[in-house]
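Using the numbering used here, the first residue of the sequence shown is number 1491, and each one after it goes up by one. Built from N, CA and C at the ideal position, the CB exists for glycine as well.
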Amino acid sequence: MTAEGHRVRARRFIEAVGDIPLASVTRAMASDFLTKLGGDVATRTRNNYAVTMWSVFKSAKLRGRFGDDNPFEGLRRQLTDGEKDSKYDPFKLAELSTLLADARLMKPAHSVQSALQWAAVIGPYAGMRIEELAAMDAGDVYQEIADDAGKEKIWVFDVHNRGNRALKNRASIRKIPIHSELVRIGFLQ
1491 MTAEGHRVRA RRFIEAVGDI PLASVTRAMA SDFLTKLGGD VATRTRNNYA
1541 VTMWSVFKSA KLRGRFGDDN PFEGLRRQLT DGEKDSKYDP FKLAELSTLL
1591 ADARLMKPAH SVQSALQWAA VIGPYAGMRI EELAAMDAGD VYQEIADDAG
1641 KEKIWVFDVH NRGNRALKNR ASIRKIPIHS ELVRIGFLQ
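This is how it looks when you write it as structure tokens:
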């Protein structure tokens, strides 16, 4: 869940019940809101709304702005077996190789088409999120000393939060060695 997602869900709640004081929100209102999201809304999505609003009320209570029981407490729904199984399995190495084997890549250049093609290939090899790839600059790809003697250098992607960049969390800050297959297919040219 992202901060923007929380804002969207909170706004939708306000649109549904009105801009009323938190103390006026009842458990029945909370339950009705989740029910009225619509029949085509997945249980996971409905639960995201419940978690967002539960967090709003918990935060308000911690700050002394709400004193009652959290109206969203316990309103998350259980996932059905079908919903639990709906996650996708990751690609196997052989499947990735098949998918990427026929990639007709442009030489790295400063164009949207080139960037999109390379992002589709770099992501799986580097384990990077699409947002991290989209934020990359040419200066974020460089050689770094790989051994204590300073003789061996490796190419890396520098994933950082300097400047105007935002990352998912602090653990996202890292340097990722560039996979030899990316070098082989011409990424560094």
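- Secondary structure at Arg-1566: coil, using DSSP grouped into helix, strand and coil.
- Secondary structure note for Phe-1647: its beta strand (DSSP E) is the uninterrupted segment 1643-1649.
- Val-1631 is bridged by DSSP to Phe-1647.
- Its chain contains Ile-1612, Phe-1647, Val-1649 and Ile-1666 as the residues whose beta carbon lies nearer than 8 Å to that of Met-1618, once the 5 sequence neighbours on both sides are disregarded; these appear in chain order.
- Listed in chain order, the non-local C-beta contacts of Ile-1663 below 8 Å within the same chain comprise Val-1649, His-1650, Asn-1651 and Leu-1657, local neighbours out to five positions each way being set aside.
- Contact annotation: Tyr-1615 and Glu-1671 have beta-carbon atoms nearer than 8 Å.
- Spanning the alpha carbons of Gly-1495 and Val-1673 requires a straight line of approximately 37 Å.
- Ranked by Cα distance from Phe-1556, the first of Leu-1565, Ser-1545 and Arg-1566 is Ser-1545.
- Residue burial is scored here from C-beta neighbours: Glu-1622 has at least 16 other C-beta atoms within 10 angstroms and is therefore classed as buried.
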